[in-house]
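The numbering used here puts the first residue of the sequence shown at 104, with every later residue one more than the last. We put the CB at the ideal spot given by N, CA and C, even for glycine. Computed from a predicted structure; not experimentally measured. Heads up: the structure comes next, in structure tokens.
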Amino acid sequence: MSQGSGIPEAALTQNCKPISCSYDKLKDRVQASANDMNVLLAMGGSETRTIQYTWVSVNNQISIDLYFKALYGSWSFVDSAEIYIGKEMVAKVSGQVDRVVGSYNDIAKEHQKVEVISGVIGIEAAKKIAQANYESVTIRFYGKNGYTDKELPRKHELINVVKLAESTQRL
104 MSQGSGIPEA ALTQNCKPIS CSYDKLKDRV QASANDMNVL LAMGGSETRT
154 IQYTWVSVNN QISIDLYFKA LYGSWSFVDS AEIYIGKEMV AKVSGQVDRV
204 VGSYNDIAKE HQKVEVISGV IGIEAAKKIA QANYESVTIR FYGKNGYTDK
254 ELPRKHELIN VVKLAESTQR L
């Protein structure tokens, strides 16, 4: 996988196991993604992810997607977010926002909406977030109704994406 990507084989072997990695043979680069989703809960339709990192080996920044979920009818029209560790703001994310409506409970005919903010953050900010205890990380979503805070619900493998990004900076 590493032949033309510039990433040491050892870094790929160690960091790609717990996350999603793919090799682009046409452009000799690697793409790595990780999030905090619980696959079993997601398959049952009862949960989605909160945060996702994506990195492509030709880039020195990490793409970040932040997911805000609520029942339909409570659109907050999220337009930006800040990520805190404790009370320290470590990243601000603004950029493209996508909004999706889906079925949440077929019996009760409830629908949920998901708003996704996409942007980029530097490797150092991404590392701080990934290394922090997930219970101390809060995402503050800003929208037309003020702000709403969401804490990360579980452990994640975001640090593996950061380690891959760092492995190319040392070359």
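- Sorting Y170, G198, G189 by C-alpha distance to the C-alpha of K231 places G189 at the top.
- Burial is judged here by how many other beta carbons sit within 10 angstroms of a residue's own beta carbon; R152 has at least 16 and is buried.
- Boundaries of the alpha helix (DSSP H) around I262: 261-272.
- Counting along the chain, the unbroken beta strand (DSSP E) around N138 starts and ends at 132-138.
- The Cβ neighbour count for Q199, taken over all protein chains shown within 10 Å, is under 16; the residue is labelled exposed.
- By the CB criterion at 8 Å, L267 and A113 fall outside the cutoff.
- In the assembly as shown, Y250 is an exposed residue. Its beta-carbon has fewer than 16 other beta-carbons within 10 Å.
- Taking D201 as the centre and dropping the five residues before and after it, the same chain places the C-beta of V219 closer than 7 Å to its C-beta, in chain order.
- Excluding residues up to 5 positions away in sequence, D139 lie with their Cβ nearer than 6 Å to the Cβ of H259 in the same chain.
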